[in-house]
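These protein sequences, in sequence, are chains A and B. Under my numbering, residues 1 to 150 are what the first sequence spells out, in order. Under my numbering, residues 151 to 300 are what the second sequence spells out, in order. As structure tokens, the structure follows; a few thoughts come after it.
There are 2 protein chains.
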Amino acid sequence: MMSANEAALGRLQELVVVLSEDMEQGLAALGLTRSRAHVLWELHRCGPVTQRTLSDALRVTPRNVTGLVDALVDGGFVSREPHPTDRRATLITLTGSGAETAAAMAAGQRDLADQLFGSLPPGGVEEFTATLDHLLAQIRSQQGAGGAQR
Amino acid sequence: MMSANEAALGRLQELVVVLSEDMEQGLAALGLTRSRAHVLWELHRCGPVTQRTLSDALRVTPRNVTGLVDALVDGGFVSREPHPTDRRATLITLTGSGAETAAAMAAGQRDLADQLFGSLPPGGVEEFTATLDHLLAQIRSQQGAGGAQR
DNA sequence: TATTGTTATACTCTATAACTATA
DNA sequence: TATAGTTATAGAGTATAACAATA
């Protein structure tokens, strides 16, 4: 038998799958993969930064950043500019097209949020957010103690 | 500015990241990747099946299934058994060790669900599940109309 | 000596296309 | 002729290790 807790977790996973597919599809329409979009998003948030900074922010290796940036340069989304004071480093900078794409991602995010939560009853979003906060605290407090599946 | 809807979506994404990391870590401890665990899970649910069936269930190509099953055979989790009536097909079957691992995944899932939802107030899980159902219906009803980011 | 980014190499997941053995 | 699974090839994301240029 399945407990109510298991049912909830299953439903949550189902939502994640559907949302992920939706997002991936939207990104593909913009010519992006998930990882490359993540880089673009970071640049959108934090302006031109070094690859080292991206490596830390995305928590992937510097080598990996090289590959992602290569692809984004090929796609015309970003350019490598010289660092003004450190000749070892490069400043990854959004091109005009890259900035437009990032703006489209932000708009898509807003639309998705409204589409998802717009029809909840008054106070529903706030309550849902509060529950998510509780779940986040739960999982973070006991982090390190096992966990598995799918 | 960020709307309440955007904040909720952001929080949901945060939860997804933390949950994913937790699961991936648990699976790694069992010697599994996400994709291989998915195969094991399907076998746990549906008994010995052909690779073709797995291909349909996981929605990946037959070629991909070959690779995943190869890895699971190497790890001692499953074996390829002859199909009783169709000599083209193989029945992918859990080994003793594979069945134990699948049981461990199921147990981990139960533990995680209890850890997450166990401390919600009475009726809280049911309400949360109802909201998730609503969100799922929302996203499914409007599927096909754009969406992006991360 | 430490840091930035690269080349070299490798593993996993994924896909398409061509092919073999069987239905 | 169609289906089950494989080999061949390719691309994306990830990692470690060794190395160059610069701090």
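No residue lacks a Cβ here, since even glycine has one placed at the ideal position from N, Cα and C.
Item: Using Cβ-Cβ distances below 8 Å, what residues of the region 156-188 of chain B are close to chain A?; Value: E156, A157, A158, L159, R161, L162, E164, L165, V166, V168, L169, D172, M173, Q175, G176, L177, A179, L180, R184, A187 and H188
Item: Taking Cβ-Cβ distances shorter than 8 Å, what residues in chain B pair up with A:I151?; Value: Beyond the ends of chain A as shown, which are 1 and 150, falls residue 151 of chain A; an answer cannot be given.
Item: Does DSSP classify B:G217 as helix, strand or coil?; Value: helix
Item: For the region 118-136 of chain A, list every residue whose C-beta sits within 9 Å of some C-beta in chain B, in sequence order.; Value: G118, S119, L120, G124, V125, E126, E127, F128, T129, T131, L132, D133, H134, L135 and L136
Item: List, in order along the chain, the chain A residues whose C-beta lies closer than 9 Å to that of B:D264?; Value: S3, N5 and E6
Item: Is A:S97 a contact residue of the ligand SAM, with contact defined as CB to any heavy atom under 8 Å?; Value: No copy of the ligand SAM occurs in the structure displayed, which carries no ligand at all.
Item: Suppose contacts are defined by Cβ-Cβ distances below 9 Å. Is A:N5 in contact with B:V275 by that definition?; Value: yes
Item: My parser needs the alpha helix (DSSP H) runs of 4 or more residues fully inside the region 201-264 of chain B; what are they?; Value: 201-208 and 212-224
Item: In the DSSP output, what is A:V49 paired with across the bridge?; Value: A:I92
Item: Which residues in chain B sit within 8 Å of A:R140, going by Cβ to Cβ distance?; Value: V168
Item: Give the secondary structure of B:T281 by DSSP, where H, G and I count as helix, E and B as strand, and everything else as coil.; Value: helix
Item: Quick one: list the residues of chain A neighbouring B:R209, beta-carbon separation under 7 Å, in chain order.; Value: Simply none; closest approach about 10 Å.
Item: Any chance the region 121-136 of chain A sits against the region 157-171 of chain B, with 3 or more Cβ pairs inside 8 Å?; Value: yes
Item: With a cut-off of 8 Å on the beta carbons, I'd call A:T95 and A:G76 a contact; round off their distance for me.; Value: 6 Å
Item: Taking C-beta to C-beta, are B:R184 and B:E174 nearer than 9 Å?; Value: yes
Item: B:Q265 and A:Q142 look like a contact to me (Cβ under 8 Å); what is the Cβ gap, rounded to whole Å?; Value: 6 Å
Item: Should A:Q109 be flagged as near chain B, meaning a C-beta pair shorter than 9 Å?; Value: yes
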